[in-house]
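Undergrad: I am attaching a structure below and will ask some questions about it afterwards.
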Amino acid sequence: MEYSKEDLTEAKRQIDSTLHKLRETLQTLHRKEQPERYKSQITLAERRIKAFEIAARLIEQELTQA
């Protein structure tokens, strides 16, 4: 499926915004008084960050090839 440069650029912008929020959330969870109580939320946030980083990188590659 083909996407326009504008679509890819907007998708990248949205992913970057979500990544920023996820990283802030992760820092907040790590700073909690008992971070071990939030282990599942921390793991989920870390996995989502990795997935969004991959998506952002793939979009960047697609934009540079266009």
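Residues in the sequence shown are numbered from 1 upward in steps of one, following our numbering. Even glycine gets a Cβ: it sits at the ideal position worked out from N, Cα and C. All values reported here derive from a predicted model rather than from experimental measurement.
1) Using 8 Å for Cβ pairs, my map puts residue 19 next to residue 45. What's the rounded Cβ distance?
2) How long is the line joining the alpha carbons of residue 47 and residue 40, rounded to whole angstroms?
3) Spell out a yes or no on whether the stretch 4–12 and the stretch 56–63 are touching, meaning 3 or more CB-CB pairs, one atom from each, closer than 8 Å.
4) Kindly list the residues whose CB is nearer than 7 Å to the CB of residue 32, restricted to its own chain and excluding five residues on each side of it in sequence; keep chain order.
TA: Considering the structure as presented:
1) Their Cβ separation, rounded to whole angstroms, is 11 Å, which puts residue 19 and residue 45 out of contact at 8 Å.
2) 11 Å
3) yes
4) 38
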